[in-house]
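K.L.:
Take this structure, written in structure tokens, and hold onto it; I'll ask about it next.
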Amino acid sequence: MPLPRLIPCLDVAGGRVVKGVRFERLTEVGDPVELAASYSDAGADELVFLDIEATLDGRGLLEQLVARVADRLAIPFTVGGGVRDERDAQALLEAGADKIAVNSAALARPELVGELAARLGSQAIVVAIDAAGGEGYSRAGTQRTGRGVVAWAREAEQRGAGEILLTSIDADGTREGYDLDVTRAVADAVSVPVIASGGAGTARHVADALEVAQAALLASIVHENPARLTTLRDELRELGVPLRDAA
Amino acid sequence: MNVAVCDYGAGNVRSVVAAFERLGVTTRSTASPTEVAAADLAVLPGVGSAGSAMDVLRERGLDTALRERVAAGGATLGICLGLQLALEESEEDGGVPGLGIVPGRAIRLRTERVPRIGWAEVEPGGEAYYFAHSYAAETAAAVLRSEGIVAAAESGSFLGVQFHPEKSGAAGARFLARCLSRV
């Protein structure tokens, strides 16, 4: 197995990075490219950019931002938020993204996952699932779908998803630890890599998530201070988590 | 020194161009067989599926340009799908004939999780690079391995890598610099 991955997540809105608690209360944190570069320097294995406004108000995708990030950074990154069809996805990949995350559009029309995978390859398609109480939510965590998280993850894999990004709405922003139960349930149900998301507060939380999932998304634990990623990596190594040498 | 990156609609050309430009070499993406033939280093990047990628390479005459370039000893670097396309065939998409530059074939991975995504160490050397693939080369021309999987293969003036040096941080930049120094 490849090494466990630490993936800082930048929620972007209007070209800036923002952070919410339990999907609400957005506060601005900084310029995406600068933060991305800081994370890369601090040893991030990958990055995720989620345009959290795109789905809600239908704004276009942040291709310019993607291009600036691709020109500056030499680590992989995923872009999500408002990807509706092959054209949206293709444009983001051409701008320099490595992977596309789809969420609401895939829930509304699951065939989209297969279409994207056929055109771009499974390795470029991340299906993001927002979960609360075992149920998948759509529209940035605001709308119930009635779909069980595990069943939807399995279906997404069968349709061609290359990774599952599983966010616990309940745990998101709380810093009380990842939702290990739902993460384990999904990781056991699929054979594609799973990225755990939501709730990281301590190195122990992250280490626990990496026992279950192949990667851990990091948001509020590192946002206020990207240098925190450097110390977090040291703490994880002390806990026995094998991380790459980023030098 | 100039680098030509084959643009054939198969993925992240921009990142490959940017990675070489950060090393200070003039780099352009091109769909022109003439430019691919003339460059000091030609790069065949690629993500996505083998079948549609080969179709576009043929449509644009890049398949012949690449074969002739390697036969003439021109330095050529294949990345990810670019390595798999250089083989004789791929079992992807029900079987796809490749460029035949490197002996062997691309086979579906049988690892615990597929796609195999993430940073993994490569031997000899022990550096970690970023991988994202569902198929891998099975070839006698392997020169690097990662967890038993072919990470690089070399045949004549062609070097193919399964990992993404353009996405592998400082280690990837060092790798690309070594490629340039051999041209």
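Those sequence lines, one after another, are chains R and D.
Per our numbering: the first sequence = residues 106 to 352.
Per our numbering: the second sequence = residues 1009 to 1191.
Note that CB positions come from ideal geometry on N, CA and C, so glycine has one too.
1. Using a Cβ-Cβ cut-off of 7 Å (strictly less than) and excluding sequence neighbours within five positions of S1142(D), which residues of its own chain qualify?
2. Can the beta-carbon of A1149(D) be found less than 8 Å from the beta-carbon of F1139(D)?
3. Among all the DSSP beta bridges, which residues are the ones paired with H1141(D)?
4. Using the rule of at least 16 other Cβ atoms within 10 Å of the residue's Cβ for burial, across every protein chain shown, is P107(R) buried or exposed?
5. Quick check on the burial criterion: 16 or more other C-beta atoms within 10 angstroms. Buried or exposed for L344(R)?
6. With H, G and I counted as helix, E and B as strand and the rest as coil, what does DSSP make of T160(R)?
7. Please compile the residues from chain R whose C-beta is within a distance smaller than 8 Å of the C-beta of G1032(D).
8. Tell me where the beta strand (DSSP E) around P113(R) begins and ends.
9. Short of 8 Å in beta carbon distance, which residues of its chain neighbour L178(R), apart from the five on each side in sequence? Order them along the chain.
10. Starting from L315(R), follow the alpha helix (DSSP H) in both directions and report where the run begins and ends.
11. Indicate whether at least one CB of chain D lies closer than 8 Å to the CB of I180(R).
12. Do you know offhand how far G1133(D)'s Cα is from S1176(D)'s?
13. According to DSSP, R1116(D) sits in a beta bridge with which residue or residues?
14. Could you please give me the residues that DSSP links to C1014(D) through a beta bridge?
15. Under the three-state reduction of DSSP, which class applies to L178(R): helix, strand or coil?
16. Can you find at least 3 beta carbon pairs, one from the segment 221-230 of chain R and one from the segment 1027-1047 of chain D, that sit closer than 8 Å?
17. Does A966(D) come within less than 8 Å of chain R when only Cβ atoms are used?
18. What residues from the segment 1114-1125 of chain D come within 9 Å of chain R, judged by C-beta to C-beta, listed N to C?
19. Taking Cβ positions, are I274(R) and Y242(R) nearer each other than 8 Å?
20. Against chain D, with Cβ distances strictly below 8 Å, would L166(R) count as a contact?
21. Taking A1136(D) and D350(R) to be in contact with their CB atoms under 8 Å, please state how far apart those CB atoms are, rounded to whole angstroms.
22. How would you label D313(R), buried or exposed, when you count the other beta carbons within 10 angstroms and need 16 or more for buried?
23. Do the segment 1102-1116 of chain D and the segment 1156-1175 of chain D meet, that is, are 3 or more Cβ pairs less than 8 Å apart?
24. Could you check if G1032(D) is buried or exposed, using at least 16 other CB atoms within 10 Å of its CB as the buried criterion?
25. What do you get for R264(R), buried or exposed, if any count of 16 or more other CB atoms within 10 angstroms of its CB means buried?
26. Should the segment 249-266 of chain R be regarded as contacting the segment 290-297 of chain R, the criterion being three or more beta carbon pairs within less than 8 Å?
27. Can a CB atom of chain R be found closer than 8 Å to the CB of G1056(D)?
28. Within 10 angstroms of the Cβ of S1189(D), are there 16 or more other Cβ atoms? Answer buried if so, exposed if not.
29. Please work out which residues of its chain come closer than 8 Å, Cβ to Cβ, to L1184(D), disregarding the five sequence neighbours upstream and downstream, and give them in chain order.
30. So what does DSSP say about I1087(D), is it helix, strand or coil?
31. Flag E191(R) as yes if its beta-carbon sits less than 8 Å from any beta-carbon of chain D, otherwise no.
32. Going residue by residue through the segment 211-285 of chain R, where are the continuous alpha helix (DSSP H) segments of at least 4 residues, counting only ones entirely within it?
33. Which chain R residues are close to A1136(D), counting only those with a beta carbon under 7 Å from its beta carbon?
34. Using the beta-carbon count (16 or more within 10 Å), is D193(R) buried or exposed?
35. Give the DSSP bridge partners of S143(R), in chain order.
36. Report the neighbours of P298(R) on chain D: residues whose CB is nearer than 8 Å to its CB, in chain order.
P.N.:
Quick answer:
1. Cβ within range, chain order: R1116, L1117, V1122, P1123.
2. No, the pair does not count as a contact, with Cβ atoms beyond the cut-off.
3. Secondary-structure assignment with DSSP links H1141(D) through a beta bridge to R1124(D).
4. With 16 or more other Cβ atoms within 10 Å, it is buried.
5. With fewer than 16 other Cβ atoms within 10 Å, it is exposed.
6. Note on T160(R): pLDDT 49, under 50, position unreliable in the model; the coordinate value appears next. Reduced to three states, the DSSP call for T160(R) is helix.
7. By Cβ distance, chain R contributes nothing, its closest Cβ being about 14 Å from G1032(D), past 8 Å.
8. In this chain, the beta strand (DSSP E) harbouring P113(R) covers 110-118.
9. Taken in chain order, the residues that qualify are A141, A142, S145, L152.
10. From DSSP, the alpha helix (DSSP H) with L315(R) extends over 308-317.
11. Answer yes: the Cβ-Cβ gap between I180(R) and chain D drops below 8 Å somewhere.
12. Rounded to the nearest angstrom, the two C-alpha atoms are 15 Å apart.
13. Y1143(D).
14. In DSSP, C1014(D) forms a bridge with T1038(D).
15. L178(R) falls in the coil class under three-state DSSP.
16. When C-beta atoms of the segment 221-230 of chain R are compared with those of the segment 1027-1047 of chain D, fewer than three pairs fall below 8 Å, so the two segments do not count as touching.
17. There is no way to answer for residue 966(D), as the model of chain D reaches only from 1009 to 1191.
18. From the segment 1114-1125 of chain D, only T1119, E1120, R1121, V1122, P1123, R1124, I1125 have a Cβ closer than 9 Å to chain R.
19. It is a contact, given that the beta carbons lie within the stated cut-off.
20. Because the pLDDT at L166(R) is just 47, under 50, the model does not fix this residue reliably, and the value given afterwards should be weighed accordingly. Under the 8 Å criterion on CB atoms, L166(R) is classed as non-interfacial with respect to chain D.
21. Under the criterion of beta carbons closer than 8 Å, A1136(D) and D350(R) qualify as touching, at roughly 7 Å.
22. By the neighbour-count rule (16 or more Cβ atoms within 10 Å), D313(R) is buried.
23. In short, these stretches touch, since the Cβ pair count reaches three.
24. Of the other Cβ atoms in all chains shown, fewer than 16 fall within 10 Å of the Cβ of G1032(D); this residue is therefore exposed.
25. Buried is the call here.
26. Yes, they touch.
27. At least one chain R Cβ lies under 8 Å of G1056(D).
28. It counts as exposed.
29. Taken in chain order, the residues that qualify are A1027, F1028, L1031, P1173, E1174.
30. Strand, per DSSP.
31. Residue contact with chain D for E191(R): absent (no Cβ-Cβ distance below 8 Å to any residue of chain D).
32. You should have 216-225, 254-264.
33. Around A1136(D), the beta-carbon contacts reaching into chain R at under 7 Å are L108, R349, D350.
34. Around the C-beta of D193(R), 16 or more other C-beta atoms lie within 10 Å, and the residue is accordingly described as buried.
35. Answer is none; S143(R) lacks a bridge partner.
36. Within chain D, the residues near P298(R) are R1121, P1123, I1125, G1126.
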